[in-house]
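For the sequence shown, the UniProt record's numbering gives the first residue as 1, with consecutive numbering after it.
Here's the structure we're looking at; comments come further down.
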Amino acid sequence: MSETSTLPADHALCVDMPLVAAQPGIWVADQISPHGNAYAVAHYIELNGELDPNCLLRAIALGLNEVDTLRLRFDECDGVPRQSFDAGMAIDAPEYLDLTASADPAAAATALMQRDLAGELRVSSGKPLYRHLLMRVAERRWYWYQRYHHLLVDGFSFTAIARRIANIYSRLRHDQPLEPTPFTPFGDVVAEYQAYRQSAGWQRDADFWRNKARQLPPAATLCAQPLAGQVPTTRIHRLSQICTAAAFAPLVDAGREQQLNAADMAIALLALWVSRLSGQPSFSAGFIFMRRTGSAALCATGPVINVLPMELHLDPQATLADAAAKISRELKTLRRHQRYDAEQVQRDLGHVGRCPAAVWHGVQL
1 MSETSTLPAD HALCVDMPLV AAQPGIWVAD QISPHGNAYA VAHYIELNGE
51 LDPNCLLRAI ALGLNEVDTL RLRFDECDGV PRQSFDAGMA IDAPEYLDLT
101 ASADPAAAAT ALMQRDLAGE LRVSSGKPLY RHLLMRVAER RWYWYQRYHH
151 LLVDGFSFTA IARRIANIYS RLRHDQPLEP TPFTPFGDVV AEYQAYRQSA
201 GWQRDADFWR NKARQLPPAA TLCAQPLAGQ VPTTRIHRLS QICTAAAFAP
251 LVDAGREQQL NAADMAIALL ALWVSRLSGQ PSFSAGFIFM RRTGSAALCA
301 TGPVINVLPM ELHLDPQATL ADAAAKISRE LKTLRRHQRY DAEQVQRDLG
351 HVGRCPAAVW HGVQL
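As structure tokens, then:
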């Protein structure tokens, strides 16, 4: 399958750039992890109903051609990681498999995805850093598998790429012209990040986090074993709890009295749950910050997400709404300083190289 590239015309043919934002930490962790797939991110979307597979495959190809981070090459120069954008790099075509002849097509598809994700997928492996695979598992049922290396995308852009492909598919199906790409060059993000590192804003953020991090309580853990000496794993332990709208409604109503939304109440509920199970009324947790609002990164596809520490103090006498209000106020304060790298916070405190028990955001809310 061949498609014309739709990258913006202002993309230079080849540009050498430093790693920025979340990338340096991902690079180092990818190199030292005992797992070759530790920084591969993937999911699949189940599609039910009428589908034109050829049209979707074309939409995927066109959409991926708009993602400039898929044309990044990574290497080291004198021990310093670098990335180069190569506009001439060909984009790998999406694959298609019809598994309907299998005894259990859905199980066959799941096994295939698990094998792919379990492979050696480090950035240094020489293998493609992304893959899209459309699998037919029934007459009107499909699995669309998407896998990237985390150096290319984060959770925000992962979803944005899928939405763009869905938009392209819809317009192709209705013979409508494609809208302009929503994605901005990642090179703009790199330039903005480098300017930030030289700005007074960076120094203000450094001062803020240096003071804040010194006051953090220990991270919460739900593990009975000490974290020190434990080897990270790629296994996922997932506990799903369903809260119906009717059951959650009283909490939402209680939050409205303090101008809180449903998300504020949900975060407080989760924080309370972690506190109760860990036995820690005060603990640190990692909060995910987008680092995109008001930035060149708003519509870029590269990984800029940040996970920064926050202290939580759950007063046993407080109502859930009171706890939610306190957490909400703290989050608003942290958002003003969300551009500062989490890894730099640790470096400033001299925590680099310590055991996992010294890391303050073992739990993410």
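Note that beta-carbon positions come from the ideal geometry of N, C-alpha and C, so glycine has one too.
Please read all numbers here as calculations on a predicted model, not as lab measurements.
Check: How many Å lie between Val-28 and Pro-34 at the Cα?
Finding: Walking along the sequence shown from the start, residue 28 turns up at place 28. Walking along the sequence shown from the start, residue 34 turns up at place 34. Using only the alpha carbons, I get a separation of about 12 Å.
Next item on the list: Determine the burial state of His-150: buried for a count of at least 16 other Cβ atoms within 10 Å of its Cβ, exposed for fewer.
Entry: Counting from 1 along the sequence shown, the entry for residue 150 is found at position 150. By the 10 Å Cβ count, His-150 comes out buried.
Next item on the list: Could you spell out the range, first to last residue, of the alpha helix (DSSP H) harbouring Pro-309?
Entry: Here residue 309 corresponds to residue number 309 of the sequence shown, with the count starting at 1. Pro-309 -> not in any alpha helix (DSSP H); beta strand (DSSP E) instead, spanning 306 to 313.
Margin query: Any contact between the region 134 to 147 and the region 283 to 300? By contact I mean 3 or more CB pairs, one from each, below 8 Å.
Written below: Counting Cβ pairs under 8 Å, fewer than three are found: no touch.
Item checked: Spatially closest choice to Val-137 from Ala-107, Arg-115, Asp-116 and Arg-214, by CA coordinates -> Locating residue 137 in the sequence shown gives position 137, counting from the first residue. Minimum Cα-Cα distance from Val-137 among the listed residues Ala-107, Arg-115, Asp-116 and Arg-214 corresponds to Ala-107.
Checklist line | Presumed contact (8 Å Cβ cut-off) between Leu-121 and Leu-70, rounded CB distance | finding: What you label residue 121 is simply residue 121 of the sequence shown in a count that begins at 1. What you label residue 70 is simply residue 70 of the sequence shown in a count that begins at 1. For a cut-off of 8 Å, the C-beta gap from Leu-121 to Leu-70 is around 15 Å, too long to register as a contact.
Margin query: Here's the rule: buried if 16 or more other CB atoms are within 10 angstroms of the residue's CB, otherwise exposed. What is His-174?
Written below: Locating residue 174 in the sequence shown gives position 174, where the first residue counts as 1. Taking every protein chain shown into account, the CB of His-174 has fewer than 16 other CB atoms within 10 angstroms, so this residue is exposed.
Item checked: CB of Pro-217 within 7 Å of CB of Phe-287, strictly -> Taking the first residue of the sequence shown as position 1, residue 217 is located at position 217. Taking the first residue of the sequence shown as position 1, residue 287 is located at position 287. Contact flag unset, no.
Next item on the list: For Leu-121, name the three-state secondary structure that DSSP assigns.
Entry: Locating residue 121 in the sequence shown gives position 121, counting from the first residue. Three-state DSSP puts Leu-121 in coil, outside helix and strand.
Check: In whole angstroms, what separates the C-alpha of Ala-219 from that of Ser-328?
Finding: Your numbering for residue 219 matches position 219 in the sequence shown. Your numbering for residue 328 matches position 328 in the sequence shown. When rounded, the distance between both Cα atoms is 19 Å.
Checklist line | Validate contact between the region 251 to 261 and the region 318 to 327 using beta carbons, cut 8 Å, 3 pairs | finding: Touching, yes.
Margin query: According to DSSP, simplified to helix, strand and coil, what is Ser-282?
Written below: On the sequence shown, position 282 is the one that residue 282 refers to. In the structure shown, Ser-282 falls within a strand segment according to DSSP collapsed to helix, strand and coil.
Notebook entry, point to check: Which residue comes first and which comes last in the alpha helix (DSSP H) that contains Ala-90?
Noted result: As a position in the sequence shown, residue 90 is number 90, starting the count at 1. Here Ala-90 belongs to no alpha helix (DSSP H), and DSSP marks it neither H nor E.
Margin query: Could you check whether the Cβ of Ala-262 sits closer than 6 Å to any heavy atom belonging to the ligand PLP?
Written below: In terms of ligand content, the structure shown is empty, and the ligand PLP therefore cannot be addressed.
Notebook entry, point to check: Thinking C-beta only, is Ile-267 closer than 7 Å to Ile-165?
Noted result: Translated into the one-based positions of the sequence shown, residue 165 becomes position 165. Translated into the one-based positions of the sequence shown, residue 267 becomes position 267. Contact flag unset, no.
Next item on the list: Look at the alpha carbon of Leu-62 and the alpha carbon of Leu-260, and state the distance between them as a whole number of angstroms.
Entry: For the purposes of this step, residue 62 is taken as residue 62 along the sequence shown, with counting starting at 1. For the purposes of this step, residue 260 is taken as residue 260 along the sequence shown, with counting starting at 1. Rounded to whole angstroms, Leu-62 to Leu-260 spans 41 Å at the Cα level.
Check: If you draw a straight line from the C-alpha of Arg-238 to the C-alpha of Ala-42, how long is it?
Finding: In the sequence shown, residue 238 corresponds to position 238, counting from 1. In the sequence shown, residue 42 corresponds to position 42, counting from 1. Cα-Cα distance, rounded: 16 Å.
Next item on the list: Reducing DSSP to helix, strand and coil, say where Tyr-130 ends up.
Entry: Position 130 of the sequence shown, counting from 1, holds the residue named residue 130. DSSP places Tyr-130 in strand when its eight states are reduced to three.
Check: Is it buried or exposed for Trp-142, if we count other Cβ within 10 angstroms and need 16 for buried?
Finding: Taking the first residue of the sequence shown as 1, we reach residue 142 at position 142. With 16 or more other Cβ atoms within 10 Å, it is buried.
Notebook entry, point to check: Tell me which same chain residues have a C-beta within less than 6 Å of the C-beta of Glu-95, skipping the five on either side of it?
Noted result: Along the sequence shown, one-based indexing puts residue 95 at 95. The residues are Leu-133.
Next item on the list: Using 10 angstroms around the beta-carbon of Ser-240, count the other beta-carbons present and answer buried if the total reaches 16, otherwise exposed.
Entry: Stepping through the sequence shown from its first residue, residue 240 is reached at position 240. With fewer than 16 Cβ atoms within 10 Å of its Cβ, Ser-240 is classed as exposed.
Margin query: If you reduce the DSSP assignment to three classes, tell me which class Met-17 lands in.
Written below: Residue 17 sits at position 17 when you count from the first residue of the sequence shown. In the structure shown, Met-17 sits in a strand (DSSP, three-state: E or B).
Notebook entry, point to check: Given that a residue counts as buried once 16 or more other Cβ atoms are within 10 Å of its Cβ, and exposed if not, what is Gln-338?
Noted result: Start at 1 with the first residue of the sequence shown, and residue 338 comes out as number 338. Per the 10 Å Cβ criterion, buried.
Checklist line | Distance, Tyr-130 Cα to Thr-159 Cα | finding: Here the question's residue 159 lines up with position 159 in the sequence shown. Here the question's residue 130 lines up with position 130 in the sequence shown. Each residue's alpha carbon lies about 14 Å from the other.
Note to self: Output needed for Val-189: all residues of its chain with C-beta closer than 8 Å, excluding positions within five of it in sequence on either side, in chain order.
What the structure shows: Counting from one through the sequence shown, the residue named residue 189 turns up at place 189. Non-local beta-carbon contacts of Val-189 in its own chain, meaning distances under 8 Å to residues more than five positions away in sequence, involve Val-20, Ala-21, Ser-295, Ala-296, Ala-297, Ala-300, Gly-302 and Val-304 in chain order.
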